[in-house]
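Colleague: Reading the sequence shown from the start, the letters are residues 2 to 290 in the working numbering.
Beta carbons: idealized from backbone N, C-alpha and C, even for Gly.
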Amino acid sequence: MRPFPRFPLFVSFGFLLTGCLATTQEIDDLRVDIARLQQSLAKAEQKQGEYLTSLQGNQADLLTQTTALNSRIEALTARLEESDKRMDDLAVRLDDLDKNFSGRLDLLTEGVGNAKKAAAVAPSKLYQLAYDDFMKRHYAQSLKEFQDFVQVYPDNAQAADAQFYVGECRFARKEWKQALAAYDAVIVSHAVSSIVPSAILQKGAVLEKMGEKTAALDMYETLVKKFPDKPEAESAKARVEALRKPPPPAPKAPAVSSPEATAPKAVPILTNKKTGKPKRRAPSPKPID
Numbered sequence: 002m003r004p005f006p007r008f009p010l011f012v013s014f015g016f017l018l019t020g021c022l023a024t025t026q027e028i029d030d031l032r033v034d035i036a037r038l039q040q041s042l043a044k045a046e047q048k049q050g051e052y053l054t055s056l057q058g059n060q061a062d063l064l065t066q067t068t069a070l071n072s073r074i075e076a077l078t079a080r081l082e083e084s085d086k087r088m089d090d091l092a093v094r095l096d097d098l099d100k101n102f103s104g105r106l107d108l109l110t111e112g113v114g115n116a117k118k119a120a121a122v123a124p125s126k127l128y129q130l131a132y133d134d135f136m137k138r139h140y141a142q143s144l145k146e147f148q149d150f151v152q153v154y155p156d157n158a159q160a161a162d163a164q165f166y167v168g169e170c171r172f173a174r175k176e177w178k179q180a181l182a183a184y185d186a187v188i189v190s191h192a193v194s195s196i197v198p199s200a201i202l203q204k205g206a207v208l209e210k211m212g213e214k215t216a217a218l219d220m221y222e223t224l225v226k227k228f229p230d231k232p233e234a235e236s237a238k239a240r241v242e243a244l245r246k247p248p249p250p251a252p253k254a255p256a257v258s259s260p261e262a263t264a265p266k267a268v269p270i271l272t273n274k275k276t277g278k279p280k281r282r283a284p285s286p287k288p289i290d
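See below:
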């Protein structure tokens, strides 16, 4: 019997051993790679944590800076509002100075010799002077002053109110046609003014005074329609209701009575029991005017 050849067996075992060694080496290499990856991952996580911490710090700083910036903006806004108010006051003063100068120049150009008229009054003072005279019921003087205001300062902010009080002076003097013209000037020439509802209401009142009931109703209804939220609208509604109310029935004619019933009766004379003289009657009260 022939023995098995030894060479192939040794060769096969050698190859097997080599394969095992290779597999072990690969596993070790993989372990090394895994360890390196874990280290890299740990470093990445650390950097990410540091980045997040830095980002949070930056956000806190940004929030602080934003709050400070908002405070500065609010302070600047307040200063700007104060500056705007000062500018408005300055504009009013400049307007008064300009109108004062223009008024004086116009009066001098027209050759007015009266020194008092040449020293023209500032718009605000002239308006207040006219209003004070109106409240004192000096309607003639107030009327002239308001007319001067409208003529000299037609573009002033108080021109609409001055024109309205021209109508009020006319109303107080019972100059109905002139009052209508004054109120119409307010309604037409100063349509955006807040005094327009009052002008419409007063125009309706003048029309009532003139006996034009239908025209007065139209004015009141126009006021209610155009300015329903204004206080003048409530007064207009009340006037509409009063004008539309049916007139009271005519009083009945007194019944015809006999002459005996209508004849005055004799007033009995009261006498004093002790003296026998007639008593004095107390005087009748006078009728109230």
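Output needed for Gln-164: all residues of its chain with C-beta closer than 8 Å, excluding positions within five of it in sequence on either side, in chain order.
Modeller: For the purposes of this step, residue 164 is identified with residue 163 of the sequence shown, where counting begins at 1. Cβ neighbours of Gln-164 beyond the five flanking positions: Phe-147, Val-151, Ala-183, Ala-186, Val-187, Ser-190, His-191.
Colleague: For Leu-127, which residues in the same chain have their Cβ closer than 6 Å to its Cβ, ignoring the five residues on either side in sequence?
Modeller: Taking the sequence shown and counting its residues from 1, one reaches residue 127 at position 126. Excluding positions up to five away in sequence, the list reads Phe-150.
Colleague: Smallest Cα separation from Arg-94: which of Ala-158, Met-136, Met-211?
Modeller: If you number the sequence shown from 1, residue 94 lands on position 93. Selected option, being the one with the closest Cα: Ala-158.
Colleague: Would you identify the three-state DSSP class for Phe-228, choosing helix, strand or coil?
Modeller: Within the sequence shown, numbered from 1, the residue matching residue 228 stands at position 227. Three-state result, Phe-228: coil.
Colleague: Could you check which residue in Val-225, Asp-133, Ala-180, Lys-44 has the C-alpha nearest to that of Val-207?
Modeller: Along the sequence shown, read from residue 1 onward, the residue named residue 207 stands at position 206. The option with the nearest alpha carbon to Val-207 is Ala-180.
Colleague: Hey, quick one: how far does the alpha helix (DSSP H) through Gln-159 stretch, first residue to last?
Modeller: For the purposes of this step, residue 159 is taken as the residue at position 158 of the sequence shown. Careful: Gln-159 lies outside any alpha helix (DSSP H) and carries neither H nor E.
Colleague: Roughly how many whole angstroms lie between the Cα atoms of Asp-134 and Gly-168?
Modeller: Residue 134 sits at position 133 when you count from the first residue of the sequence shown. Residue 168 sits at position 167 when you count from the first residue of the sequence shown. One C-alpha to the other measures close to 15 Å.
Colleague: Drop a sphere of 10 angstroms on the beta-carbon of Ser-84, count the other beta-carbons inside from all chains shown, and report buried for 16 or more, exposed for fewer.
Modeller: Taking the first residue of the sequence shown as 1, we reach residue 84 at position 83. Its Cβ having fewer than 16 others within 10 Å, Ser-84 is exposed.
Colleague: Per DSSP, what kind of secondary structure is Arg-87 in: helix, strand or coil?
Modeller: Counting from 1 along the sequence shown, the entry for residue 87 is found at position 86. If DSSP states are grouped into helix, strand and coil, Arg-87 belongs with the helices.
Colleague: Have a look at Glu-75 and Thr-67 and give me their C-alpha separation to the nearest angstrom.
Modeller: Here residue 75 refers to the residue found at position 74 when the sequence shown is read from its first residue. Here residue 67 refers to the residue found at position 66 when the sequence shown is read from its first residue. Roughly 12 Å separates the two Cα atoms.
Colleague: For a quick check, are the C-beta atoms of Val-241 and Glu-222 less than 8 Å apart?
Modeller: For the purposes of this step, residue 241 is identified with residue 240 of the sequence shown, where counting begins at 1. For the purposes of this step, residue 222 is identified with residue 221 of the sequence shown, where counting begins at 1. Result yes, Cβ atoms of Val-241 and Glu-222 sit closer than 8 Å.
Colleague: Where do the N-terminal and C-terminal ends of the alpha helix (DSSP H) with Pro-198 fall, by residue?
Modeller: Numbered from 1 along the sequence shown, position 197 holds the residue referred to as residue 198. Run containing Pro-198: 197-210, per the alpha helix (DSSP H) assignment.
Colleague: Give me, in chain order, the residues of the same chain whose beta-carbon lies closer than 6 Å to that of Phe-172; leave out the 5 immediate sequence neighbours on both sides.
Modeller: On the sequence shown, position 171 is the one that residue 172 refers to. The residues are Ala-180.
Colleague: Given Asp-34, which residues of its chain have a CB within under 6 Å of its CB, disregarding the five upstream and five downstream residues?
Modeller: Here residue 34 is taken as the residue at index 33 of the sequence shown, counted from 1. Excluding sequence neighbours, Asp-34 sits near nothing in its chain.
Colleague: Using the Cα positions of Pro-155 and Ala-79, report the straight-line distance between them to the nearest angstrom.
Modeller: Within the sequence shown, residue 155 is the residue found at index 154, counting from 1. Within the sequence shown, residue 79 is the residue found at index 78, counting from 1. Rounded to whole angstroms, Pro-155 to Ala-79 spans 34 Å at the Cα level.
Colleague: Out of curiosity, what's the CA-to-CA distance linking Met-136 and Pro-247?
Modeller: Start at 1 with the first residue of the sequence shown, and residue 136 comes out as number 135. Start at 1 with the first residue of the sequence shown, and residue 247 comes out as number 246. Met-136 and Pro-247: Cα-Cα distance of roughly 37 Å.
Colleague: Go ahead and label Pro-124 buried or exposed: buried means 16 or more other beta carbons lie within 10 angstroms of its beta carbon, across all protein chains shown.
Modeller: The residue given as residue 124 occupies position 123 in the sequence shown. Under this definition Pro-124 is a buried residue.
Colleague: Helix, strand or coil, according to DSSP, for Ala-131 in the structure here?
Modeller: Stepping through the sequence shown from its first residue, residue 131 is reached at position 130. Here Ala-131 sits in helix by DSSP.
Colleague: Helix, strand or coil, according to DSSP, for Tyr-154 in the structure here?
Modeller: Looking up residue 154 in the sequence shown gives position 153. In the structure shown, Tyr-154 sits in coil (DSSP, three-state: anything other than H, G, I, E or B).
Colleague: Measuring CB to CB, does Met-220 end up less than 8 Å from Trp-177?
Modeller: In the sequence shown, counting from the first residue as 1, residue 220 sits at position 219. In the sequence shown, counting from the first residue as 1, residue 177 sits at position 176. Result no, Cβ atoms of Met-220 and Trp-177 do not sit closer than 8 Å.
Colleague: Report yes if the C-beta distance between Leu-244 and Leu-224 is below 8 Å; otherwise report no.
Modeller: Translated into positions along the sequence shown, residue 244 becomes position 243. Translated into positions along the sequence shown, residue 224 becomes position 223. Not closer than 8 Å, so no.
Colleague: Can you tell me which of the three DSSP states Pro-249 falls into?
Modeller: The count along the sequence shown starts at 1 and reaches residue 249 at position 248. The answer is coil: DSSP assigns Pro-249 none of H, G, I, E or B.
Colleague: Following the continuous alpha helix (DSSP H) through Lys-175, name the residue where it begins and the one where it ends.
Modeller: As a first step, residue 175 is located in the sequence shown; it is residue number 174 there, counting from the start. Counting along the chain, Lys-175 falls outside any alpha helix (DSSP H), and DSSP gives it neither H nor E.
Colleague: Look at Pro-205 and Ala-161 and say whether their C-beta atoms are less than 8 Å apart.
Modeller: Position 204 of the sequence shown, counted from the start, is the residue given in the question as residue 205. Position 160 of the sequence shown, counted from the start, is the residue given in the question as residue 161. First, the residue type needs correcting, since residue 205 is Gly and not Pro in the sequence shown. Contact flag unset, no.
Colleague: Buried or exposed: where does Leu-42 fall if 16 or more other Cβ atoms within 10 Å of its Cβ makes it buried?
Modeller: One-based indexing of the sequence shown puts residue 42 at position 41. Burial call: exposed.
Colleague: Between the alpha carbons of Tyr-166 and Ala-216, how many angstroms are there, rounded?
Modeller: As a working note, residue 166 is residue 165 in the sequence shown. As a working note, residue 216 is residue 215 in the sequence shown. So the alpha carbons of these two residues sit roughly 22 Å apart.
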